[in-house]
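Visitor:
Protein chains: 2
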Amino acid sequence: MRRGTNLLAVGGFNQAVILDLIRRAPQGLSRVEIAGATGLSAQTVSNVSRRLIDSGIVLEAGKLNVGPGKPRTLLQLEPTGLYSIGVHLDPTVITYVLLDLAGDVVTDHRAPLPANATPDSIIREMAERIAAILEDSVVPHDRVLGVGIAAPGPVDAALGILLDPPLLDGWTRVPLREALADATGFPVVLEKDVAAAAVAEIWTGGGGERDNFAFFYYGTGIGMGLVIDRDVLRGSSNNAGDMGHIRVAPTGPLCSCGRRGCIGELVVPHRLVAEAVETGIIAEGPPASSVDDDFSRFSDVAADGSAGAIAILDRTAAHIAAAVVVITNLLDVDRVIFGGPFWQRVSARVLPTIAELVNADPALISPHPIEVSDSAIGEDVAAIGAGCLVLDHFLSPRPSALLISE
Amino acid sequence: MRRGTNLLAVGGFNQAVILDLIRRAPQGLSRVEIAGATGLSAQTVSNVSRRLIDSGIVLEAGKLNVGPGKPRTLLQLEPTGLYSIGVHLDPTVITYVLLDLAGDVVTDHRAPLPANATPDSIIREMAERIAAILEDSVVPHDRVLGVGIAAPGPVDAALGILLDPPLLDGWTRVPLREALADATGFPVVLEKDVAAAAVAEIWTGGGGERDNFAFFYYGTGIGMGLVIDRDVLRGSSNNAGDMGHIRVAPTGPLCSCGRRGCIGELVVPHRLVAEAVETGIIAEGPPASSVDDDFSRFSDVAADGSAGAIAILDRTAAHIAAAVVVITNLLDVDRVIFGGPFWQRVSARVLPTIAELVNADPALISPHPIEVSDSAIGEDVAAIGAGCLVLDHFLSPRPSALLISE
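In order, the protein sequences belong to chains A and B. Residue numbers for the first sequence, in the numbering used here: 1 to 406. Residue numbers for the second sequence, in the numbering used here: 1 to 406.
Structure representation (structure tokens):
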């Protein structure tokens with residue numbers, strides 16, 4: 001079985017510290033600066049730098065003149081030195097991204113999740129797609145650190161298993177981490193979708209400037225990624241972020257929990273489509289039409305000014321706003337970022353309404369306004385987060401408790 | 001104006017590190033062990049230890065024989081070397097505790113909050129009561145590090161101001177921290193009540209063994225203290241923990257937010273008393289009766305087996321359980337601890353019902369059971385937490401962002 005490079009794993013703690021410093025200094029750092037910042041000896045810095053340069057992960061990029069002495073050579077990250085793959089398994093679509101060492105997207109790919117396909121066949125398909133992406137991008141396997149996969153919860157983090165995601169029929173206790181590692185030959189990191197999305201926001205989105213924020217994930221299902229003190233809140237079993245049973249109305253469709261008014265039943269894309277079909281706002285889709293296609297038709301009609309479609313979006317905004325108030329009251333976050341595979345199609349109408357309703361809600365406890373904004377990352381957010389997790393796992397001198405199978 | 005000792009403030013970081021180590025080793029530590037654990041030189045450890053011993057904060061407690069060399073003298077905390085005062089301002093009762101350096105309660109006192117008293121007169125009363133407690137306990141002022149005060153939110157943490165706590169009439173923008181510092185001559189730390197209760201649980205309660213838990217605070221109002229990775233989650237403006245507007249029923253009394261079914265309207269003590277009076281389960285109290293007294297009469301009737309009172313408690317348990325499910329789904333905590341001034345009187349009936357309902361709820365996402373338990377600390381929990389905050393603030397080498405006026 002082929003495996004991703006373990007170059008970095010054997011490099012040890014000093015190497016991780018040095019690489020992390022270089023990653024965070026896009027303008028480059030001299031060996032002297034690295035020694036000063038880390039407290040490591042000049043000899044250690046020199047040895048590790050040499051190893052990183054020889055491995056193609058770091059490059060020498062110009063000289064810095066400081067005073068009368070010898071100019072100092074600057075070390076910079078070589079983004080193409082290593083890669084990671086992020087996969088996002090949403091109940092209706094699979095998203096793939098190839099990230100370079102800087103966390104930038106080299107290429108991405110989206111494919112609908114085939115209805116009635118077994119987990120086995122989908123995992124096989126994932127492995128084939130990953131192989132094809134690497135081939136198309138001419139990235140050798142030994143330059144790939146691993147695969148991160150974002151999936152709907154609940155998960156068993158210790159075992160790397162999807163337990164029984166409500167919207168993924170037939171995925172009960174699927175050992176996704178192990179199976180994908182076997183199928184691809186790469187180490188695999190498994191993370192809940194909303195947590196992965198929050199990781200992406202911290203890495204590359206607007207969230208990075210904030211210590212605390214919440215990420216409202218709008219996919220086939222919904223969830224809330226929570227970032228506290230620049231760290232994703234994962235909870236005691238890595239299942240934090242479920243908001244589906246927050247009740248936002250006294251009535252509504254019957255939820256799986258036996259109650260009515262749960263937000264997870266009220267605002268998800270397939271519910272909006274169903275409402276629009278029932279009230280004649282859009283026609284029923286063809287027999288094999290996906291929620292993705294139907295939701296695009298619905299949002300097109302809303303964008304064209306259909307009063308009925310806009311009324312549905314306004315009710316959706318009110319429901320989301322009510323849940324945001326509950327969550328911000330509990331956690332005292334002052335920013336909520338919205339994104340996920342289905343978000344962009346409705347944001348133009350929904351986001352400003354949410355902003356207004358949240359801040360005018362007499363139930364809001366916060367003494368400061370709650371900012372809401374779109375994610376700058378777009379639909380691939382959870383896949384990018386999954387890829388960033390792999391980079392973090394291998395490159396951070398203090399990797400968080402992650403879920404690796406190798 | 002008299003001030004609390006600033007001995008520790010001038011001791012600097014090394015002293016804080018050493019004292020923190022000694023605090024956490026009740027069996028005592030030798031100077032050699034301290035040097036080994038901190039990386040500080042033997043000389044520095046010796047100097048700082050001498051200063052701590054001379055100040056009466058640390059004492060030499062026996063010898064430890066290790067091998068053939070000179071026996072090592074063990075250093076231990078001297079709990080009576082320093083003290084802190086914790087005050088909990090609940091809308092119906094004020095609780096005071098005097099804590100020693102180990103966080104143990106030396107003495108406590110509870111007094112009803114006089115109706116219609118102005119904030120000024122109450123702050124004056126607090127200062128008088130604190131002076132009386134110190135006098136009765138024969139604790140000199142210069143041995144008191146400061147006063148911690150736990151109060152209902154929302155607060156302005158930066159300014160030390162209570163903004164407009166819903167249940168404290170007439171307390172709008174009261175500069176409690178400054179006013180109490182002026183009235184007492186001590187530095188004052190202000191914390192929201194639910195956060196203070198969570199601090200107490202971490203210090204001295206069962207919560208200390210857990211990284212993550214939630215603390216359901218049952219006072220005149222309710223709230224949820226949240227502990228993530230052994231740290232109290234305070235939020236961006238120190239106002240985290242408000243759960244009053246979580247909707248747990250499709251109907252109910254009209255809430256201040258204009259909705260019905262908010263838990264903050266359904267389960268608070270005065271609501272249970274009102275229900276019991278309306279349905280003839282208990283008689284109306286005398287004109288000046290406090291919620292505290294009325295609630296005791298109600299809980300006595302329930303304990304005596306009144307079916308009507310028990311039905312009210314069972315509905316209350318169901319409402320609390322529904323909110324606990326929302327919160328544990330969002331944060332993935334696996335333990336919820338219940339306490340606060342009104343809790344103990346109803347726990348015997350309510351707690352087991354909550355345990356059963358939470359874990360049987362089809363809305364519960366967690367793959368592991370949620371443990372619920374009573375706080376081991378009792379009614380003084382928020383006051384004790386406020387006192388512990390003062391100890392933390394002065395003694396921890398990494399004091400959290402706190403709110404001191406001195």
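Note that the Cβ used here is the ideal one computed from N, Cα and C, for glycine as well. Please read these numbers as outputs of a predicted model, since none were measured by experiment.
Taking the alpha-carbon positions, what's the Leu145 of chain B to Asn212 of chain B distance?
Guide: 29 Å
Visitor: With distances taken from CA atoms, which of A:Ser121, A:Asp164, A:Leu98 and A:Val174 is nearest Pro140 of chain A?
Guide: A:Leu98
Visitor: Whose Cβ in chain B lies nearer than 8 Å to the Cβ of Cys257 of chain A?
Guide: Asp361, Pro362 and Ala363
Visitor: On the CB-based measure, 16 or more other CB atoms within 10 Å of its CB, does Leu180 of chain B come out buried or exposed?
Guide: buried
Visitor: Just the chain A side, please: which residues come within less than 9 Å of Arg260 of chain B by C-beta, in chain order?
Guide: Within 9 Å Cβ-Cβ: Pro250.
Visitor: Does Asn329 of chain A come within less than 7 Å of chain B when only Cβ atoms are used?
Guide: So, interface residue.
Visitor: Would you identify the three-state DSSP class for Thr316 of chain A, choosing helix, strand or coil?
Guide: helix
Visitor: Between the Cα of Val48 of chain B and those of B:Leu21, B:Val372, B:Thr92 and B:Glu371, spot the shortest distance and give me the residue it belongs to.
Guide: B:Leu21
Visitor: Sorry if obvious, but does the Cβ on Asp292 of chain B come closer than 6 Å to a heavy atom of the ligand PLP?
Guide: Inclusion of the ligand PLP in the displayed structure is not the case, the ligand content being empty and no account of it being possible.
Visitor: Put Thr107 of chain B into one of helix, strand or coil per three-state DSSP.
Guide: strand
Visitor: Give the straight-line distance between the Cα atoms of Ala157 of chain A and Gly185 of chain A, rounded to the nearest whole angstrom.
Guide: 20 Å
Visitor: Along the stretch 220 to 237 of chain B, where does the CB come closer than 9 Å to a CB of chain A? Name the residues.
Guide: So the close ones are Met224, Leu226, Ile228, Asp229, Asp231, Leu233, Arg234, Gly235, Ser236 and Ser237.
Visitor: Using beta carbons (cut-off 7 Å, strictly below), is Arg247 of chain A in contact with chain B?
Guide: yes
Visitor: Taking only runs of the beta strand (DSSP E) that begin and end inside the stretch 139 to 177 of chain B, which ones reach a length of at least 3 residues, in chain order?
Guide: Runs of the beta strand (DSSP E) inside the stretch 139 to 177 of chain B: 144 to 151.
Visitor: Helix, strand or coil, according to DSSP, for Asp100 of chain A in the structure here?
Guide: Correct three-state label for Asp100 of chain A: strand.
Visitor: Relative to the C-alpha of Asp374 of chain B, which residue among B:Val381, B:Phe394 and B:Phe338 is closest?
Guide: Closest by alpha carbon: B:Phe338.
Visitor: Using Cβ-Cβ distances below 9 Å, what residues of the stretch 179 to 202 of chain A are close to chain B?
Guide: Correct list: empty, as no residue qualifies.
Visitor: Relative to the alpha-carbon of Asp193 of chain A, which residue among A:His393, A:Val390, A:Leu395 and A:Val381 has its alpha-carbon at the smallest distance?
Guide: A:Val381
Visitor: Could you run through the stretch 266 to 293 of chain B and flag, in chain order, every residue whose CB is less than 8 Å away from some CB of chain A?
Guide: In summary, no residue of the stretch 266 to 293 of chain B has a CB separated from any CB of chain A by less than 8 Å.
Visitor: Find the nearest neighbour of Asp108 of chain A within the set A:Val336, A:Val87 and A:Arg297, judged by alpha-carbon distance.
Guide: A:Val87
Visitor: How would you list, in chain order, the residues of chain A whose beta-carbon sits under 7 Å from the beta-carbon of Ala240 of chain B?
Guide: The contacting residues are Leu330, Leu331 and Asp332.
Visitor: Name the residues in the stretch 135 to 160 of chain B whose C-beta lies less than 9 Å from a C-beta of chain A; which are they?
Guide: Gly153, Pro154, Val155 and Asp156
Visitor: Is any beta-carbon of chain B found at less than 7 Å from that of His319 of chain A?
Guide: no
Visitor: Considering only the alpha carbon of each residue, which of B:Asp90, B:Val105 and B:Thr118 lies closest to Ala111 of chain B?
Guide: B:Asp90
Visitor: What did DSSP end up calling Pro269 of chain B once you bin it into helix, strand or coil?
Guide: Helix, per DSSP.
Visitor: Report the three-state DSSP secondary structure of Phe186 of chain B (helix, strand or coil).
Guide: Assignment of Phe186 of chain B by DSSP, reduced to helix, strand and coil, places it in the coil class.
Visitor: Ile370 of chain A to Asn329 of chain A, Cα distance in whole Å?
Guide: Their backbone Cα atoms lie some 10 Å apart in a straight line.
Visitor: Rounded to a whole number of angstroms, what is the C-alpha to C-alpha distance between Thr353 of chain A and Arg260 of chain A?
Guide: The alpha-carbon atoms of Thr353 of chain A and Arg260 of chain A are separated by roughly 23 Å.
Visitor: Looking only at DSSP bridge pairs, what is His88 of chain A linked to?
Guide: A:Thr95 and A:Ala150
Visitor: Under three-state DSSP, which class holds Met126 of chain A?
Guide: helix
Visitor: At a Cβ cut of 7 Å, what residues of the stretch 35 to 69 of chain A count as close to chain B, listed as they run along the chain?
Guide: none
Visitor: I'd like to know if the stretch 235 to 249 of chain A and the stretch 295 to 304 of chain A are in contact, where contact means that at least 3 CB-CB pairs between them fall below 8 Å.
Guide: no
Visitor: Closest Cβ-Cβ distance between Asn212 of chain A and chain B: below 7 Å?
Guide: Yes, contact with chain B.
Visitor: Output yes or no for whether 7 Å exceeds the beta carbon distance between Leu190 of chain B and Arg177 of chain B.
Guide: yes
Visitor: Where does Ser299 of chain A land, buried or exposed, given buried means 16+ other C-beta within 10 angstroms?
Guide: It is buried - the Cβ of Ser299 of chain A has at least 16 other Cβ atoms within 10 Å.
Visitor: Taking three-plus beta-carbon pairs below 8 Å as touching, is the stretch 25 to 44 of chain B in contact with the stretch 62 to 79 of chain B?
Guide: yes
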